[in-house]
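Written below as structure tokens is the structure these notes are about.
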Ligand code: GMT
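Written as structure tokens, this is what we have:
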């Protein structure tokens, strides 16, 4: 018997890196499967440019009254969620990021006097950083324990959450995925021309939100060491709080001709397809969605063996794992990859296979869909 289609309320940070991407891609896939997806967010999620008939957007607005030192966004969000639970007769809420979204969802459920189930997906720093902040730790536990089901994007994040908070609600792992129709090896010679990359130069790429946790100085230092051995360019793609300092640092080091800051780009598949290796040297990383994006485009990675990264990077197969801060090991591994074309070819192939076999969107979307049905059924 065919199950009825669900009405799902989604709460996410619409433009915050990987979690926003996963929340919007998941919504699109669910909408394609016939479910009605209701996004309750502060601004339109960036991948909703093409309106989907099964997706609706409910904006959260808040006035900046003089009485508020900080506008109470979380409460305005709860208010909006409560309205949408009622007006759209939602079956389930899917919340990305425990703090503040799970708290707002719990409050909204109470305000709407509803029995709606709440699924919270933990993405990373909501636990690995906020969970260590005494001002937020209990709130985080509360959000998790009041959720009906909790998922984490890697086993590492799941284990860390259990160790840190000992929650009542069980946590299961559902891995991230990418849109395979968007990320695949593209023909991208125009990128090399646009960026002034010579035919004999190799391309190393890093994509992030340029926060301290990404350890971009380690990337620059590793590149400096690689650059002494072979002709290469480093693409630093994205923007964020560290950008200005990093640009200054690169100029001081005299590396500005070889390290290119591209800013935020919409053509990531093409940029990745014109690259030879990805670097992700973070000190915390619950999953590392950019690794999957790179793999899908046939780009192996050199990445730190921390957090959920070892669940994505299979050392010696689709890339190499290195110890945090070991810039010499990074330089050695990158040089090895870029000078051994047979090894590079094998890793490229395995990178693409990793996405197909271990992180296929079809499999992962079905896991979320099963969870939606389970939690929706808990109401009856
Ligand atoms: O918490 C952050 O750093 C941002 C966050 C995001 O929204 O992109 O990243 C986290 O969630 C991503 C999607 O699940 C993961 O791929 C990232 O590894 C994770 N970031 C960290 O754990 C630092």
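Numbering (the working numbering), first residue to last: 6 to 385.
Yeah, the Cβ is synthetic: ideal placement off N, Cα and C, and Gly gets one too.
A quick note: this is a predicted structure, and the numbers were derived from the prediction, not measured.
The three-state secondary structure of residue 173, taken from DSSP, is coil. Bounds of the alpha helix (DSSP H) holding residue 352 are 346-363.
Between the C-alpha atoms of residue 366 and residue 86 there is a straight-line separation of about 28 Å. With a threshold of 7 Å, the Cβ atom of residue 95 does not count as near the ligand GMT, since no heavy atom of the ligand is closer than that. DSSP places residue 306 within a strand segment (E or B) once states are collapsed to three. Between residue 301 and residue 249, the alpha-carbon positions lie close to 30 Å from each other. Each residue's CA atom was taken as its position, placing residue 289 and residue 113 some 32 Å apart.
In the three-state scheme derived from DSSP, where H, G and I count as helix and E and B as strand, residue 216 is classed as coil. Bridge partners of residue 12 according to DSSP: 41.
Assignment of beta-bridge partners to residue 327 by DSSP yields 309. Contact check for residue 275 against residue 202 fails: the beta carbons are separated by 8 Å or more. The straight-line gap separating the alpha-carbon atoms of residue 342 and residue 277 is approximately 16 Å. Along the length of the stretch 240-270, whole alpha helix (DSSP H) runs at least 4 residues long occupy 248-257, reported in chain order.
Counting the other Cβ atoms within 10 Å of the Cβ of residue 40 gives 16 or more, which makes it buried. Annotated as proximal: residue 287 and residue 309, with beta-carbon spacing under 8 Å. Apart from the 5 residues on each side of it in sequence, residue 193 sits with its Cβ closer than 6 Å to the Cβ of 275, 278, 279 in its chain, given in chain order. Closest in alpha carbon position to residue 63, among 91, 160, 166, 321, is 91. Taking a C-beta distance under 8 Å as the contact criterion, residue 26 and residue 285 do not qualify as a contact pair.
Annotation for residue 163: 157, 176, 178 place their beta carbon closer than 6 Å to its own, counting only its chain and skipping 5 residues before and after. Ranked by Cα distance from residue 305, the options 139, 24, 322, 216 are led by 322. By the CB criterion at 8 Å, residue 116 and residue 81 fall outside the cutoff. The DSSP assignment places complete alpha helix (DSSP H) segments of no fewer than 4 residues inside the stretch 86-146 at 108-116, 130-133, in order along the chain. Within a 10 Å sphere around the beta-carbon of residue 270 sit fewer than 16 other beta-carbons, which makes this residue exposed. In this structure, the ligand GMT has no non-hydrogen atom nearer than 7 Å to the beta-carbon of residue 135. Given a length threshold of 3 residues, each whole run of the beta strand (DSSP E) inside the stretch 154-201 is given here in chain order: 154-157, 176-178.
Taken from the Cβ of residue 247, every heavy atom of the ligand GMT lies 7 Å or farther away. Nearest to residue 161 by alpha-carbon distance, out of 130, 338, 187, 245, is 130. Excluding five sequence positions before and after residue 146, the CB atoms of its chain that fall closer than 7 Å to its own CB belong to 170, 172, given in chain order.
Between the alpha carbons of residue 70 and residue 340 lies a gap of roughly 56 Å. In the structure shown, residue 209 adopts extended strand secondary structure according to DSSP, grouped into three states. Per DSSP, residue 64 is one residue of the beta strand (DSSP E) stretching across 60-64. Non-local C-beta neighbours of residue 76 in its own chain, meaning closer than 6 Å and more than five positions away in sequence, comprise 67, 69, ordered along the chain. Short of 6 Å from the beta carbon of residue 107, and not among the five residues preceding or following it, lie these beta carbons of its own chain, in chain order: 100, 125, 148, 152. Selection around the ligand GMT by beta-carbon proximity, strictly under 7 Å to any non-hydrogen atom, yields 18, 21, 22, 23, 24, 25, 27, 128, 129, 130, 131, 133, 158, 181, 214, 216, 218, 287, 289, 290, 291, 292, 293, 294, 312, 313 in chain order.
Within 10 angstroms of the beta-carbon of residue 19 lie 16 or more other beta-carbons, which makes it buried.
Taken through DSSP and simplified to helix, strand or coil, residue 319 comes out as coil.
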